Amino acid sequence: MLNLILFGPPGAGKGTQSSKLIDKYGLIHLSTGDLLRAEINAGTSLGLEAKKLMDQGILVPDSVVIGMIENKLNENKTAAGFIFDGFPRTVAQAEALDQLLAGHHLSIHHMIALEVNEEELTERLLERGKSSGRPDDQNEDLIRKRVQEYTEKTAPVAKHYESQGKFQGINGIGEIEIIFSQIEAIIQR
Ligand code: AP5
Ligand code: MG
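Sequential numbering from 30 applies to the sequence shown in this note's numbering.
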């Protein structure tokens with residue numbers, strides 16, 4: 030069993046590195062952003078409520094994403110492990126995750142943080158916005174708002190796992206393969 034949190038600001042490469050980890054280790058990918066976008070595409074009332082906030086670059090309420098993660102953990106009891114991508118994003122979410130995992134006799138092994146500066150994040154997201162169709166990639170003000178939410182509400186989550194001795198930061202700028210090999214080195218340590 031291997032349970033990882035991929036951590037970092039919007040555009041840091043969490044989704045990119047997650048897909049490589051899934052290929053190699055057969056883990057279940059739990060991206061709350063992807064789960065929320067699936068709700069939006071399905072036109073559910075949860076999706077409609079979430080969209081109003083996501084389109085402004087604001088976090089959705091903790092209870093919404095915690096409920097989603099709880100369902101996914103219950104649906105995947107025989108998984109080889111989980112990659113949490115974009116979750117937990119607040120200290121309250123981190124505390125809830127620890128509790129949910131403990132209820133399944135599981136725990137987080139590593140939080141791996143991809144460190145990327147705001148200039149590079151903005152460049153990546155504006156570029157992706159040309160083809161992604163993601164409303165929150167469309168302009169610099171929105172991207173700045175997402176980074177601000179990250180700095181204010183999400184960055185403190187690192188301390189939560191640091192105090193458990195689980196936090197590892199790596200440089201998220203450079204070739205995707207080189208970043209991946211650094212993640213593998215942490216897993217294999
Ligand atoms: P979410 O979907 O999680 O988006 P995000 O965190 O803003 O991050 P991204 O998915 O944009 O970036 P990423 O780190 O996955 O990078 P990627 O690999 O795509 O959340 C969206 C919204 O949903 C939030 O704003 C919030 O409203 C809501 N939400 C979600 N979870 C929530 C939660 N837990 N609580 C409350 N609200 C929540 O890469 C980005 C780009 O860079 C790509 O084009 C990629 O090709 C490129 N790239 C990747 N790596 C490199 C590299 N090494 N060099 C150059 N380019 C690279
Ligand atoms: Mg992502």
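Just so you know, even glycine gets a beta-carbon here, dropped at the ideal spot from N, CA and C.
As the structure is a prediction and not an experimental result, all values here were calculated from the model.
Supposed contact pair residue j and residue i - C-beta distance, whole angstroms, cut 8 angstroms
i	j	result
Phe36	Ala125	Actually they do not touch by this definition, with Cβ atoms about 16 angstroms apart.
Thr61	Phe116	4 angstroms
Asp91	Ala121	5 angstroms
His58	Ser47	5 angstroms
Asp189	Leu33	As written in the sequence, residue 189 is His, which differs from the Asp given in the question. Actually they are not in contact, since the Cβ atoms of His189 and Leu33 sit about 15 angstroms apart, beyond 8 angstroms.
Leu31	Gly110	4 angstroms
Leu64	Leu56	The pair is not a contact, with the Cβ atoms about 16 angstroms apart (cut-off 8 angstroms).
Leu130	Glu99	Incorrect: roughly 11 angstroms between the Cβ atoms, too far for contact.
Gln197	Ile208	Going by Cβ atoms, the distance from Gln197 to Ile208 rounds to 13 angstroms, so no, they are not a contact pair.
Lys182	Thr107	That belief does not hold up - the Cβ atoms of Lys182 and Thr107 are roughly 33 angstroms apart, past 8 angstroms.
Gln211	Ile199	5 angstroms
Ala79	Val93	7 angstroms
Asp84	Asp165	6 angstroms
Contacts around residue i, its chain only, beta-carbon distance under 8 angstroms, and the 5 residues preceding and following it disregarded
i	result
Leu82	Leu88 and Val89
Gln167	Gly158
His133	Leu102 and Lys106
Assigned secondary structure, residue i (DSSP; H/G/I helix, E/B strand, else coil)
i	result
Gly198	strand
Asn32	strand
Leu102	helix
Gly96	helix
Gly76	helix
Ile112	strand
Ile87	coil
Thr107	coil
Ala184	coil
Gln193	coil
Arg66	helix
Glu206	helix
Same chain, Cβ closer than 7 angstroms to residue i, five either side skipped, listed in chain order
i	result
Pro38	Val145, Leu150, Val176 and Tyr179
Arg153	Gly40
Leu77	none
Cβ neighbours of residue i in the same chain (closer than 6 angstroms, five flanking residues each side left out)
i	result
Gly42	Leu143 and Gly201
Worksheet item: Considering only residues of the segment 115-181, which uninterrupted beta strand (DSSP E) runs meet the minimum length of 3 residues and lie entirely inside it, listed in chain order?
Response: 139-144
Item to complete: Please go through the segment 33-63 and give each complete beta strand (DSSP E) segment of 3 or more residues, from N-terminal end onward.
Response: 57-60
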